[in-house]
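Engineer: Protein chains in written order, with our numbering: chain R, 653 to 996; chain V, 653 to 996. All C-beta atoms in this analysis are idealised placements derived from N, C-alpha and C, irrespective of residue type, glycine included. This is the structure I have questions about; it appears just below.
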C-alpha cells in the first residue's frame, strides 16, 4: 500500500503532489446527474449503497484522483439522531428546527450506526473496487456546523439562530454539542471499520464564530473527536477543515491534534507555509471559481500553490467544493498541471 | 472640537473609549420603523434628506453614540451610475444584472454628484443638528463589494458571478472596477464637502476573494481611494473594513494607508493588538449576536475587547451590523459598560 494521500498526511514526501477535490462526486458530472435521476431524492441516493458507491467512484474513473470521498451528507447525522431532514430541489436542506433543550433529549445516539448502515455498506463497496493506491476518505460535519443547520432548520447566511443560542445559553447549547460530538465519533469510527483510510471533519461555518466561540464550539469539539479517534485508530489520519478560520488556524492546528489542515481559498500561502505546514499536512486551496475560469487565472494560482508548499508534503485541493458550472476539461487540465509538476 | 472618534483615529488617547455601532440607524429601533413606514420604499428613504437626517440622528439621541453614520446604502452608487436598483421587502436588493463590458460604457460617473445630492443634503442637515463632539461618518461600499451586487443582480451567498468574471476576464472586470474606484472617490469627496468628518469604506465581501484576488480587487482599489482622498482632505481619517480578510488584514493596513481598521468578530484580539493596533486605530469587534444575548455572554466579551485594546486608542463597535432582534436595553447596557471603563 503506497497511497500518496496517506503518505502526505504521515509527513512523507511523495513523487508528485496528491490531488482530490471537495465535492468531486457531484452535479458537474453528467454521469452523476444520470444516477441522481434514478434515485427518488438526494437522501435516497445517500442511503442506497450501490448508487452511493457508484457516484463515489465516478470522478476516480474519469480523472484518476488520489482519493475518493464517500458520497454522503453532513446532515445524515441529525437525520440518524431523529431530527427529520429533507432536501428541497430549489431550497437545499430543510430540518424540523430544534425546539430548545427539551428536544435534545429526543435525539438518540443509538440510532447512528443502524440508521447509517447504508453509508458503511457503500464504503465497503467502494473500498472493494478502489485501486489500493487511492485513499478512501470518510467524513462528518463538525458539531458546530451541523448544529447551525439543526437550529436554523436549514441553511442560512449568518447562522444567527445557533450563535444566539450558543451565546445566550451555553449550557443548553453545550448539551446539543455533547450529543453531536459523541454522534460524530460513533459515525467516524464506523466509517473506519467499514474501510475508510482517512477522515475529514468539515466545519464549514467555523468562520461565523467569534474568538471565544471558536475556542469553545470549534476547537474543543474537534479536539475531543480527534482524541477519541486516535485512541482507537492511531494510524488513521484526520483532516480538519475549519472554513473561514483565518488567523485562528494556528490555534486550531496546535490544539486539536489534526494530521491535516484544509485551507479555504482566503488563506495566504506564505502564512500557511510558514506557520501551518511545519505542524500539519496542508490541503488546498484553489478558488473553485478559478477552476471555472480555467486558463491563465487557473494556471498562475495553481503554480503559486505548488511553489508555496513544495518543500513539505501537501495535498492539492480546492478551497471549497467544486461548483456546478465547472467545465470537465478544466478539471482534466488541473490534474495534469499538478501531476506534471515534480515535487522538488 | 474634541470629537473622541477623530482623536482615536489620529492616534490620540481618549478619556473613555468612543463607541458607535454599524447599522445603528435601523429596524431594531421603533422610531426608525415609524419613519420607514412614511417613506414609499427603502430607496425613497435614502433619497429624502429630511427623513434620512432624522433616522441618522435617532440612535444618537437615544444612546448618545460618539459617531453618527449617514443613513444611506452602498448600492446608491450603482443606482447613480445608471444601473437600476430596487429593494424588495423579502428579497433585499435587486439590480438589473450587468451584462458584461458593453454595459460598463453606459455607466456614467457624471451622474454621481447630481443623483446623490439628497445624500449630501442629509449630511449637511445632520451636521447642523449634531453636537460638535459627535463625529459624522460618510461611507461607501468598496468597489469589489459593490461589483458583486452589480454582477449578481443582487445579494448572493458566494459572490460567484463577480469572482468568475474577475478571474476569467480581469481586463473587462478591471474596467468596471476603474469606474467604481472613480465613482467612490467622487462620492466620498462630496460627502466630506457636505460635512462628513470621517469616512468608512465597507468591503463586506472581501473575504470571498483568494489571496491574489484580494491584492488586486480589495487592496489596490482601497489604496487608490485612500490616496485620492488624502490628497484633497489630508485631515479626514478613513476607516477600511475588509470583512473576512482574516490573516490578510496586515497587508491591507500596510498597503492601503487607512487610518482605522474595522475588525469583524472573527479577528483574534491578541493578533489585532500586536500586529494591527500599532499601525492603525482598530475598530470593533463584538459579535452582534452577543448583543442580542446580553448578560454574561456580552459582558465577558466586551471586557475582553476593552482589555485587549486598552493600551492604545481604539473605537468600540460591533463586528458586523446590529441585527433586528436586538433588545434596546442591551444597547444601553453596552454603552454604559464601555463608558464606565476608564482608559488606562
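Under the assumption that residue 607(R) contacts residue 765(R) (Cβ atoms under 8 angstroms), give the Cβ distance between them as a whole number of angstroms.
Structural biologist: In the structure displayed, chain R extends from 653 to 996; residue 607(R) sits before or after that span and is not available.
Engineer: Short of 8 angstroms in beta carbon distance, which residues of its chain neighbour residue 743(R), apart from the five on each side in sequence? Order them along the chain.
Structural biologist: 806
Engineer: If contact means a Cβ-Cβ distance below 7 angstroms, which residues of the segment 940-953 of chain V contact chain R?
Structural biologist: 941, 942, 944, 945, 949, 953
Engineer: Measuring CA to CA, which of 962(R), 861(R), 795(R), 877(R) is closest to residue 936(R)?
Structural biologist: 962(R)
Engineer: Between the alpha carbons of residue 831(V) and residue 864(R), how many angstroms are there, rounded?
Structural biologist: 41 angstroms
Engineer: At a cut of 8 angstroms, does the segment 702-720 of chain R reach the segment 749-766 of chain R through at least three beta carbon pairs?
Structural biologist: no
Engineer: If you run the structure through DSSP and keep just helix, strand and coil, what is residue 971(R)?
Structural biologist: When secondary structure is reduced to three states using DSSP, residue 971(R) falls in the coil class, being assigned neither helix nor strand.
Engineer: With DSSP as the reference, label residue 850(V) as helix, strand or coil.
Structural biologist: strand
Engineer: Report yes or no: do the segment 653-673 of chain V and the segment 957-975 of chain R share at least 3 C-beta pairs separated by less than 8 angstroms?
Structural biologist: no
Engineer: Measuring CB to CB, does residue 971(V) end up less than 8 angstroms from residue 940(V)?
Structural biologist: yes
Engineer: What are the start and end residues of the beta strand (DSSP E) that includes residue 706(R)?
Structural biologist: Looking at the DSSP string, residue 706(R) is not in any beta strand (DSSP E); the run it does join, the alpha helix (DSSP H), is 701-715.
Engineer: Could you give the DSSP three-state label for residue 977(R): helix, strand or coil?
Structural biologist: DSSP places residue 977(R) in coil when its eight states are reduced to three.
Engineer: From 817(V), 869(V), 860(V), pick the residue whose C-alpha is nearest to that of residue 833(V); which is it?
Structural biologist: 869(V)
Engineer: Kindly list the residues whose CB is nearer than 8 angstroms to the CB of residue 977(V), restricted to its own chain and excluding five residues on each side of it in sequence; keep chain order.
Structural biologist: 680, 944
Engineer: For residue 966(R), write down the residues that DSSP places opposite it in a beta bridge.
Structural biologist: 934(R)
Engineer: Would you decide whether residue 895(R) is buried or exposed? Buried here means 16 or more other CB atoms lie within 10 Å of its CB.
Structural biologist: buried
Engineer: Going along the chain, which residues of its own chain have a beta-carbon closer than 8 angstroms to the beta-carbon of residue 960(V), five neighbours each way excluded?
Structural biologist: 921, 922, 924, 925
Engineer: Against chain V, with Cβ distances strictly below 8 angstroms, would residue 910(R) count as a contact?
Structural biologist: no
Engineer: So with CB distances below 9 angstroms, who are the chain R contacts of residue 785(V)?
Structural biologist: The premise fails here: residue 785(V) is roughly 30 angstroms from chain R at the closest Cβ pair, so nothing lies under 9 angstroms.
Engineer: For residue 864(R), go through chain V and note every residue whose CB falls closer than 8 angstroms to its CB, in chain order.
Structural biologist: 952, 953, 956
Engineer: Quick check for students: name the residue ranges of the alpha helix (DSSP H) that lie wholly in the segment 774-845 of chain R, counting only runs of 4 or more.
Structural biologist: 795-804, 812-820
Engineer: Using a Cβ-Cβ cutoff of 7 angstroms, what residues of the segment 810-821 of chain V are near chain R? List them in chain order.
Structural biologist: Flagged, chain order: 812, 815, 816, 819, 820.
Engineer: Any contact of the segment 778-788 of chain V with the segment 898-907 of chain R, i.e. 3+ C-beta pairs under 8 angstroms?
Structural biologist: no
Engineer: According to DSSP, is residue 668(V) part of a helix, a strand, or is it coil?
Structural biologist: In the structure shown, residue 668(V) adopts extended strand secondary structure according to DSSP, grouped into three states.
Engineer: Among 985(R), 692(R), 932(R), 931(R), which residue has its Cα nearest to the Cα of residue 948(R)?
Structural biologist: 985(R)
Engineer: Name the two residues that bound the continuous beta strand (DSSP E) containing residue 871(V).
Structural biologist: Unbroken run through residue 871(V): none, as it is neither H nor E.
Engineer: Decide yes or no for the touch test of the segment 768-778 of chain V against the segment 696-705 of chain V: beta carbon pairs closer than 8 angstroms, at least 3 of them.
Structural biologist: In short, these stretches touch, since the Cβ pair count reaches three.
Engineer: At least one CB of chain R closer than 8 angstroms to the CB of residue 768(V): is that the case?
Structural biologist: no
Engineer: Please state whether DSSP places residue 749(R) in a helix, a strand or coil.
Structural biologist: Reduced to three states, the DSSP call for residue 749(R) is coil.
Engineer: Quick check on DSSP: helix, strand or coil for residue 719(V)?
Structural biologist: strand
Engineer: Just mark residue 992(R) as buried or exposed, buried being the case when its beta carbon has 16 or more other beta carbons within 10 Å.
Structural biologist: exposed
Engineer: Taking Cβ-Cβ distances shorter than 8 angstroms, what residues in chain R pair up with residue 647(V)?
Structural biologist: Past the boundaries of the shown model lies residue 647(V); chain V is included only from 653 to 996, so the question cannot be answered.
Engineer: Does any C-beta atom of chain R lie closer than 8 angstroms to the C-beta of residue 923(V)?
Structural biologist: yes
Engineer: Where does residue 890(R) sit, in a helix, a strand or coil, going by DSSP?
Structural biologist: strand
Engineer: Do the CB positions of residue 735(R) and residue 802(R) come within less than 8 angstroms of each other?
Structural biologist: In this structure, residue 735(R) sits near residue 802(R), with a CB-CB distance shorter than 8 angstroms.
Engineer: Counting only the same chain and skipping the five closest in sequence on each side, list residues whose C-beta sits under 7 angstroms from that of residue 678(V).
Structural biologist: 684, 974
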